[in-house]
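Below is one structure, written out as structure tokens, with a few remarks after it.
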Amino acid sequence: MLQKVSLAIAIVLGLIFSLAGQAVAAPSDATAAIANAQTAADTAFMLMSAALVCFYAVTFKAKLQFDDSLDTFPVHGVGGTVGAILTGIFATTEVNSAGKDGLLRGNFNQFIVQIVAVLIAYAIAAIGTFILMKILDITVGLRLKPEAELQGMDISEHGEEGYNEEFGERLSFTEPK
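Per this note's numbering, the sequence shown runs over residues 247 to 423.
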């Protein structure tokens, strides 16, 4: 139930923010206002699509029990990918005369450019992550010692307890029997 409510809130907020953003940026002349009204629907669709896809990416990540406590990839990676690809579909020179039209306005090439840009961004992120992980592995290591993991980082690395004894007694990291 909570997931459905969260999803509905994300969709409604996406719609509100997209329409509010279009209203704030609305130009004064009638021709541009019509073009802006057309792109408001595109923008609303893009934001709602991104909200849906990110929501299900976070849900899928939780089912996989993937360690990403801040949901960085499901939100920023997946959301950025969806946004970049949808930009290749909905782009219009009516809003940005220095830009290019997208797939819906007859420019298949811009759609391909957006997909290639996403792939390049993934490659840069993967190579950068690999380099940083190698540097960290050489300097401080990527994992704690097993004893430190069992004891907890608060005590082993910082010399402090994150929770007092009263709370700690109710806290369990093992599955109930």
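Ideal placement from N, C-alpha and C gives every residue a C-beta, glycine not left out.
Bear in mind the structure is a predicted one, so any value in this text is a computation, not a measurement.
- In the structure shown, residue 357 falls within a helical segment according to DSSP collapsed to helix, strand and coil.
- For residue 336, the enclosing alpha helix (DSSP H) stretches over residues 324-336.
- When secondary structure is reduced to three states using DSSP, residue 374 falls in the helix class.
- Of all C-beta pairs linking the region 328-341 to the region 350-358, three or more are shorter than 8 Å, placing the two stretches in contact.
- According to the DSSP assignment, residue 314 belongs to no alpha helix (DSSP H), since it is labelled neither H nor E.
- Sorting 407, 312, 329, 365 by C-alpha distance to the C-alpha of residue 288 places 329 at the top.
- If you check the CB distance, residue 325 and residue 296 come in under 8 Å.
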